[in-house]
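In the working numbering, the protein residues as written are 7 to 106.
Heads up, the beta-carbon is just placed ideally off N, CA and C, and yes, glycines get one too.
Notes follow the structure.
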């Protein structure tokens with residue numbers, strides 16, 4: 007009987023140690039997997055945010071360039087029209103005031 011008890015105690019200790027080792031390994035694997043998944047998700051989100059920021063910056067730059075070009079074209083058109091009107095008015099004035 008005493009021999010069986012010693013065997014039983016050793017067996018229980020071995021089983022408990024094996025179970026503890028398996029549980030520790032499983033917990034470590036789960037923690038590593040969770041950390042890897044979190045890191046991957048964070049990296050993906052950061053990349054998406056960077057892409058969105060780059061796209062927004064590009065769109066803003068394009069819009070600003072287009073607005074500047076349009077404003078320059080409008081200013082040039084207005085200046086040309088004003089110059090033409092002034093030339094026509096001055097020409098007409100000179101024509102009508104020319105002593106005959």
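- The three-state secondary structure of residue 104, taken from DSSP, is coil.
- Setting aside the 5 residues that flank it on each side, residue 32 has no residue in the same chain whose C-beta is closer than 6 Å to its C-beta.
- DSSP assignment within the stretch 36-91 yields no whole beta strand (DSSP E) run of 3 residues or more.
- Cα atoms of residue 51 and residue 64: separation of roughly 20 Å, rounded to the nearest angstrom.
- Looking at the backbone, the Cα of residue 13 and that of residue 35 are separated by about 33 Å.
- Rounded to whole angstroms, residue 40 and residue 47 show a C-alpha spacing of 10 Å.
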